[in-house]
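Chemist: Residue numbers (this note's numbering): 43 to 237. Starting off with a structure, shown below.
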């Protein structure tokens, strides 16, 4: 499976990562940490055998990317094993989700996950997964003690594979100018992670 995700400024990354770390410490469940899943919001999840086409479509989508404000307002669960931070579905998130869907739909032999299709998508930032019932309760205790509404900026967009998580390409933008400041594709191609 492939994912297209939004990535955040450093302040928000640190905050969300702190929640992940605290949940892992309290529950003993380190799946998010072991898989090295970075803080993000997935815009699209899809399957295809056409990886080079997926990369090309992603590169076109990345050219349309704009930085945008996100406000996380609550904590939720996907039954039975996942806890997440819930952002407000604002115009920015709706627009980014729609764009991702339109671009990914262009790939031949693509199957877009049902929960990532128009009017079925729930924006979220996963902070714990594969949690047992007891671990899920403990994760909620952590969030009851720590969570407060917060805002941040999406400053990057990326394409990744899952199981295990592996970046294929990430593009970062300056939120002040909107200009691309870093394209991590070349570095990822040269790393041992690239397959």
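Yeah, the Cβ is synthetic: ideal placement off N, Cα and C, and Gly gets one too.
1) Can you tell me which of the three DSSP states residue 73 falls into?
2) Here's a check: name, in chain order, each residue in its chain whose Cβ is nearer than 8 Å to the Cβ of residue 129, leaving out the five neighbours to either side.
3) Is the Cβ-Cβ distance between residue 154 and residue 100 less than 8 Å?
4) How many whole angstroms separate the CB atoms of residue 125 and residue 169, which I take to be in contact at a CB cut-off of 8 Å?
5) Apart from the five residues on each side of it in sequence, which residues of its chain come closer than 6 Å, Cβ to Cβ, to residue 163?
6) Using a 10 Å radius around the Cβ and a threshold of 16 neighbouring Cβ atoms, would you call residue 193 buried or exposed?
7) Are residue 223 and residue 46 close, meaning C-beta to C-beta below 8 Å?
8) Around the C-beta of residue 216, are 16 or more other C-beta atoms found within 10 angstroms, so that it is buried, or is it exposed?
Modeler: On the basis of the coordinates in this document:
1) As a position in the chain shown, residue 73 is number 31, starting the count at 1. In the structure shown, residue 73 sits in a helix (DSSP, three-state: H, G or I).
2) Counting from one through the chain shown, the residue named residue 129 turns up at place 87. Excluding residues within five positions, the ones whose Cβ falls inside 8 Å are 83, 112, 113, 114, 115, 135, 165, 166 and 167.
3) Translated into the one-based positions of the chain shown, residue 154 becomes position 112. Translated into the one-based positions of the chain shown, residue 100 becomes position 58. No.
4) Counted from its first residue, the chain shown places residue 125 at position 83. Counted from its first residue, the chain shown places residue 169 at position 127. About 6 Å; that satisfies the 8 Å criterion.
5) Against the chain shown, residue 163 aligns to sequence position 121. A distance below 6 Å between beta-carbons, with the five flanking residues on each side excluded, links residue 163 to the following residues of its chain, in chain order: 139.
6) Position 151 of the chain shown, counted from the start, is the residue given in the question as residue 193. Its Cβ having fewer than 16 others within 10 Å, residue 193 is exposed.
7) The residue labelled residue 223 in the question sits at position 181 within the chain shown. The residue labelled residue 46 in the question sits at position 4 within the chain shown. Residue 46 sits away from residue 223, with the two beta carbons spaced by 8 Å or more.
8) Along the chain shown, one-based indexing puts residue 216 at 174. By the 10 Å Cβ count, residue 216 comes out exposed.
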